[in-house]
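Asker: Below you'll find the structure I mean.
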Amino acid sequence: MENYEKLKEQLSQITTIERIASVLYWDMDVSMPPKGLNNRAAQLSFLDVQKNRIYKSKEFAENLAAAEKEVAANGTDWDKANFKIAQRRHAYETAVPEEFVKEFAEAKAVSNNVWKEARKKNDFQMFLPHLEKMFSLTKKKADILSVKLGIEPYDVLLGEFQPGLKDADVAPVFADLKEFLPKFYKEVEAKQANMDKPVFEPIYDVEKQKRLSRLVSNKMGYDYNKGSLAESEHPYTCGEDPTDVRITTHYHLDNPLDTLGSTIHEAGHAIYQQALPDSDQPVATAAGMAIHESQSLLAENCFGKSKEYAEYLSAVMQKEFGEDKNLTPEAIYATFNKQEKGLIRTQSSEVTYPLHVIMRYEIEKDIIEGKMECKDMPKIWNEKMKEYLGVEPKNDAEGCMQDVHWSEALIGYFPSYSLGAIVAAQKLEAIKEQCPDVMEKAKKGDLTPMCEFTKEKVGKYGASLDFADSVKAATGKPFSADAYKRYLKSKFLGENDNVKEKTINPALIKGKNGR
Numbered sequence: 008m009e010n011y012e013k014l015k016e017q018l019s020q021i022t023t024i025e026r027i028a029s030v031l032y033w034d035m036d037v038s039m040p041p042k043g044l045n046n047r048a049a050q051l052s053f054l055d056v057q058k059n060r061i062y063k064s065k066e067f068a069e070n071l072a073a074a075e076k077e078v079a080a081n082g083t084d085w086d087k088a089n090f091k092i093a094q095r096r097h098a099y100e101t102a103v104p105e106e107f108v109k110e111f112a113e114a115k116a117v118s119n120n121v122w123k124e125a126r127k128k129n130d131f132q133m134f135l136p137h138l139e140k141m142f143s144l145t146k147k148k149a150d151i152l153s154v155k156l157g158i159e160p161y162d163v164l165l166g167e168f169q170p171g172l173k174d175a176d177v178a179p180v181f182a183d184l185k186e187f188l189p190k191f192y193k194e195v196e197a198k199q200a201n202m203d204k205p206v207f208e209p210i211y212d213v214e215k216q217k218r219l220s221r222l223v224s225n226k227m228g229y230d231y232n233k234g235s236l237a238e239s240e241h242p243y244t245c246g247e248d249p250t251d252v253r254i255t256t257h258y259h260l261d262n263p264l265d266t267l268g269s270t271i272h273e274a275g276h277a278i279y280q281q282a283l284p285d286s287d288q289p290v291a292t293a294a295g296m297a298i299h300e301s302q303s304l305l306a307e308n309c310f311g312k313s314k315e316y317a318e319y320l321s322a323v324m325q326k327e328f329g330e331d332k333n334l335t336p337e338a339i340y341a342t343f344n345k346q347e348k349g350l351i352r353t354q355s356s357e358v359t360y361p362l363h364v365i366m367r368y369e370i371e372k373d374i375i376e377g378k379m380e381c382k383d384m385p386k387i388w389n390e391k392m393k394e395y396l397g398v399e400p401k402n403d404a405e406g407c408m409q410d411v412h413w414s415e416a417l418i419g420y421f422p423s424y425s426l427g428a429i430v431a432a433q434k435l436e437a438i439k440e441q442c443p444d445v446m447e448k449a450k451k452g453d454l455t456p457m458c459e460f461t462k463e464k465v466g467k468y469g470a471s472l473d474f475a476d477s478v479k480a481a482t483g484k485p486f487s488a489d490a491y492k493r494y495l496k497s498k499f500l501g502e503n504d505n506v507k508e509k510t511i512n513p514a515l516i517k518g519k520n521g522r
């Protein structure tokens, strides 16, 4: 398959560019000096343009066309999936002019840094021009691709993060959750009426938190021979290469459990990324962000916030910090699982979290469809927070500027979080079927069954499967919210979960801290 091999060489070059860009973005967030921004934006723009030029080259188009029959006749299923991804990416990349690619890359780099400063200053007007530019450029791209691909503009954006996903898949699920969760929350609230959680008052040493984050993530299965841990304002996972997958966390002086919650979440992403095939072809990348989020939420919510894992966390944290009533297994479990209506998505309780996602989904979709303007975001944001969650931000820093996503034009990303939570519950049921004592192992911090499941049922397939097929391959069942509802009901209303039936410690005071 001579022409297919030539195509693979060009795809390899594109992968190399993406991996270089990934490291540069990491450095920009973690260690780049402030005055390096303009040159870094130019560097990232240059890489985007080079990648775009490969896709738009006559040679790529010729190789793509000539390889189609070769792959159809002689290619393996892996080859066919790789070719299909190359076709899709070619369509996306060739839809917009080079000048647009350059402008977009530079605008994203600048917008992200302005967001950081504007959030610190609680200055929405400072960020607004950049927010408007992110949505304007994104809409322009989506409109072009909408015509070329024959799908709706917002479907274009959803498909960038989870290939094949459409709003027709998302809307009914979110409508169901909007109906289910508020009523369910009231039941949980009543159940947890006497469940207190700690208010963290001491200052927890950052160096000790760093050691704990590394210890816990490594014990989970995150390989530090192929990864590293740093600090950033918004924790995230970075790495297109399975041999170089980096994570960040954010250290909270007054609550080390917030820190560990973020670390466990990002380690979940990284374990999946490290489980992908070591190849420079696009088929070896992740299956999509909804699948990625299912892995991070499997780690964070299903295991990391379980009663069993709280026993392990308590042991390692009290060894590091000394005896502490806030770090008993009961207190840790309460901190993670006391359900409260909060303002911050990343610190929100598990039952209310999807409502945070749904309101973001509605806002970004309305802007893309021309039903609202960016300048109205603070007002509409606050209205939705009050309607859906019964709380209202005091300022825009804890309101519409709290997330990094829109500053980087990650529009269409948010639905992946809640879709991921649904799939995570399905995966948990599958893991328990394969390894009935998995939760007993979790008491000692042993998440080997989760890691083996990730490698054998998810990672090895790379991006060869679409969303529905990926779920089916991992769990043996079609995508459904049924397991998710069973999971929530069992965890928060289960008769055997007597931790929620009592006050865990009379000395503990109800508070607002915790994830």
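Heads up, the sequence shown is in our numbering, so the first residue is 8 and it goes up one at a time. The beta-carbon is built from N, C-alpha and C at its ideal position, and this holds for glycine as well. Note that the structure is a prediction, hence the values are computed from the model and not measured.
(1) Under the assumption that L350 contacts V398 (Cβ atoms under 8 Å), give the Cβ distance between them as a whole number of angstroms.
(2) Alpha carbon to alpha carbon, what distance is there between S118 and N520?
(3) Please report the straight-line C-alpha distance between K140 and L417, rounded to a whole angstrom.
(4) Assuming F67 and I374 are in contact, meaning their beta carbons sit under 8 Å apart, how far apart are those beta carbons, in whole angstroms?
(5) Give the DSSP-derived three-state secondary structure of A237 in the structure shown.
(6) So what's D230 in DSSP terms, helix, strand or just coil?
(7) Evaluate Q132 with the Cβ neighbour count: other Cβ atoms within 10 Å of its Cβ, from every protein chain shown; 16 or more gives buried, anything less gives exposed.
(8) For N46, count neighbouring Cβ atoms within 10 angstroms of its own Cβ and tell me buried if that reaches 16, exposed if not.
(9) Anyone know if the C-beta pair for V478 and V430 falls short of 8 Å?
(10) Is the Cβ-Cβ distance between Y491 and A449 less than 8 Å?
(11) With a 10 Å radius around its C-beta and 16 neighbouring C-beta atoms as the bar for buried, classify Y231 as buried or exposed.
(12) In the DSSP output, which residue or residues are listed as bridge partners for D251?
(13) Roughly how many angstroms lie between the CA atoms of Y243 and E440, to the nearest whole one?
(14) Go through its chain and collect everything with a Cβ distance to K464's Cβ below 7 Å, but skip five positions before and after it.
(15) From Y279, V223 and E238, pick the residue whose C-alpha is nearest to that of K467; which is it?
(16) Can you give, in chain order, each stretch of the alpha helix (DSSP H) that sits fully within the region 252 to 322 and has at least 4 residues?
(17) If you reduce the DSSP assignment to three classes, tell me which class L454 lands in.
(18) Less than 8 Å separating the beta-carbons of L260 and I339?
(19) Could you pull out every residue in the same chain whose Cβ sits closer than 6 Å to the Cβ of K146, ignoring the five residues on either side in sequence?
(20) So, is Q288 buried or exposed, given that buried needs 16 or more other C-beta atoms within 10 angstroms?
(21) Does the CB of F53 have a neighbour CB from chain B at under 8 Å?
(22) Among N120, K63, E106 and E186, which one has its Cα closest to the Cα of Y99?
(23) Three or more C-beta pairs closer than 8 Å, one from the region 357 to 373 and one from the region 86 to 101: is that the case here?
(24) Considering only the alpha carbon of each residue, which of E159, K348 and S286 lies closest to L359?
(25) Buried or exposed, going by whether 16 or more other CB atoms sit within 10 Å of the CB of A112?
(26) Less than 7 Å between C-beta atoms, sequence neighbours within five positions excluded: which residues of the same chain meet that for G483?
(27) Anyone know if the C-beta pair for L54 and A102 falls short of 8 Å?
(28) R218: buried (16+ other C-beta within 10 angstroms of its C-beta) or exposed?
(29) Leaving out five residues before and five after N59 in sequence, what residues of the same chain have Cβ atoms less than 7 Å from its Cβ?
(30) Note the first and the last residue of the continuous alpha helix (DSSP H) segment covering F486.
(31) If contact is defined by three or more beta carbon pairs under 8 Å, each pair taking one atom from either stretch, is the region 192 to 205 in contact with the region 331 to 346?
Answerer: In terms of the structure at hand:
(1) 6 Å
(2) In this prediction, N520 scores a pLDDT of 29, lower than 50, which makes its location untrustworthy; the coordinate-derived value is nonetheless stated afterwards. Roughly 30 Å between the two C-alpha positions.
(3) 13 Å
(4) With a Cβ gap of about 33 Å, F67 and I374 do not count as contacting.
(5) strand
(6) coil
(7) exposed
(8) exposed
(9) yes
(10) no
(11) exposed
(12) D248
(13) 31 Å
(14) A480 and A481
(15) Y279
(16) 263 to 281 and 296 to 304
(17) coil
(18) no
(19) I375
(20) buried
(21) The structure shown has no chain B; it contains just one protein chain.
(22) K63
(23) no
(24) Here residue 359 is Thr; the residue named in the question, Leu, does not match the sequence. Per the Cα distances, K348.
(25) buried
(26) A437
(27) no
(28) exposed
(29) E100, E105 and V108
(30) F486 -> no alpha helix (DSSP H), and no H or E assigned at all.
(31) yes
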